[in-house]
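Below is one structure; the comments refer to it alone.
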Amino acid sequence: MTDILGPVMPFLKLAGQLAAVFYVVFHLSLVFWVVRDAQRRGAMAWFWGVATLLFGVLSWAVYLVVRPPETLDDAHERELEIAAREAELQRAGSTCPHCFKPIESDYLICPTCLKQLKKPCSSCGRPVKSSWTVCPYCKTRQAVGERVPDAPEGPAAEDHAQTHVASNTPKKKKAAPAQNEA
Ligand SMILES: [Zn+2]
Ligand SMILES: [Zn+2]
Numbered sequence: 004m005t006d007i008l009g010p011v012m013p014f015l016k017l018a019g020q021l022a023a024v025f026y027v028v029f030h031l032s033l034v035f036w037v038v039r040d041a042q043r044r045g046a047m048a049w050f051w052g053v054a055t056l057l058f059g060v061l062s063w064a065v066y067l068v069v070r071p072p073e074t075l076d077d078a079h080e081r082e083l084e085i086a087a088r089e090a091e092l093q094r095a096g097s098t099c100p101h102c103f104k105p106i107e108s109d110y111l112i113c114p115t116c117l118k119q120l121k122k123p124c125s126s127c128g129r130p131v132k133s134s135w136t137v138c139p140y141c142k143t144r145q146a147v148g149e150r151v152p153d154a155p156e157g158p159a160a161e162d163h164a165q166t167h168v169a170s171n172t173p174k175k176k177k178a179a180p181a182q183n184e185a
């Protein structure tokens, strides 16, 4: 046998040495991979590193079975996603009751379907639901059922209304002769 193998023995030896070197490199890289993966997943990195150093592929196979299913980054990302979704759900109450498009809580009309959502408070001007009897911001009583946003009560409003009429009156006087001529 040795006579037959004689000429190829050096090559076999070299192949064996190469295989040994390859195995050592493979073994060490396996340890490196397990330690790094265990760190990313919050598993006991040092334990799995030593175990893989001792038992090689066997320990690596066991680690693949029992390792935590997701990395710490994945878990963190998932928590952020859940928090964002919860915040979105909390805001989801503010949708237009007519077209169900998202709106902000201080919108006076829906920007999509132009339905009136709230009216400005007659005293402080902040958005108040038409069903509310009192402004929650300044405690001013609101005229219930009133849907016209710019019809505030009180003396200031009357003054405003009078000036409004006064500014309109000359226009009517001017318009009247024009109609007569025509
Ligand atoms: Zn709408
Ligand atoms: Zn108010």
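Residue numbering for the sequence shown follows my numbering, beginning at 4 and increasing consecutively.
Just so it is clear, CB atoms sit at the ideal spot from N, CA and C, and this is done for glycine as well.
Start and end of the alpha helix (DSSP H) containing Pro13? The residue you call residue 13 lines up with position 10 of the sequence shown. Taken as a continuous stretch (DSSP letters only), the alpha helix (DSSP H) holding Pro13 covers Met12 to Arg44.
Across the region 96-103 and the region 75-83, are there enough close Cβ pairs to call them in contact, namely three or more that are closer than 8 Å? no
Specify the secondary structure class of Thr136 as computed by DSSP and reduced to three states. Here the question's residue 136 lines up with position 133 in the sequence shown. Here Thr136 sits in coil by DSSP.
Neighbouring residues (CB closer than 6 Å to any heavy atom of ligand 2): Cys124, Ser126, Cys127, Arg129, Cys138, Tyr140, Cys141 and Thr143
With a threshold of 16 other CB atoms inside 10 Å of the CB of Leu218, please say whether the residue is buried or exposed. The requested residue 218 does not occur in the structure, where the chain is confined to residues 4 to 185.
Determine the burial state of Lys122: buried for a count of at least 16 other Cβ atoms within 10 Å of its Cβ, exposed for fewer. Residue 122 sits at position 119 when you count from the first residue of the sequence shown. Lys122 is buried by the Cβ-count criterion.
Buried or exposed: where does Tyr140 fall if 16 or more other Cβ atoms within 10 Å of its Cβ makes it buried? Here residue 140 refers to the residue found at position 137 when the sequence shown is read from its first residue. Exposed, by the Cβ-count rule.
From Glu91 to Arg70, what distance separates their C-alpha atoms? Along the sequence shown, read from residue 1 onward, the residue named residue 91 stands at position 88. Along the sequence shown, read from residue 1 onward, the residue named residue 70 stands at position 67. One C-alpha to the other measures close to 33 Å.
Decide if Trp49 is buried, meaning its Cβ has at least 16 other Cβ atoms within 10 Å, or exposed. Along the sequence shown, one-based indexing puts residue 49 at 46. Exposed, because fewer than 16 other Cβ atoms sit within 10 Å of the Cβ of Trp49.
Verify the contact flag: Lys104, CB atom, against every heavy atom of ligand 1, threshold strictly below 7 Å. Counting from one through the sequence shown, the residue named residue 104 turns up at place 101. For ligand 1, at least one heavy atom lies less than 7 Å from the Cβ of Lys104.
What's the gap between the Cα of Ala41 and the Cα of Leu8? In the sequence shown, the residue the question calls residue 41 occupies position 38. In the sequence shown, the residue the question calls residue 8 occupies position 5. Computed Cα separation, rounded: 46 Å.
Cutoff 6 Å; reference Ser97; Cβ partners in own chain excluding five residues on either side: Numbered from 1 along the sequence shown, position 94 holds the residue referred to as residue 97. Cβ within range, chain order: Ile106 and Ser108.
Start and end of the alpha helix (DSSP H) containing Gly52? In the sequence shown, residue 52 corresponds to position 49, counting from 1. Here the alpha helix (DSSP H) through Gly52 covers Ala48 to Phe58.
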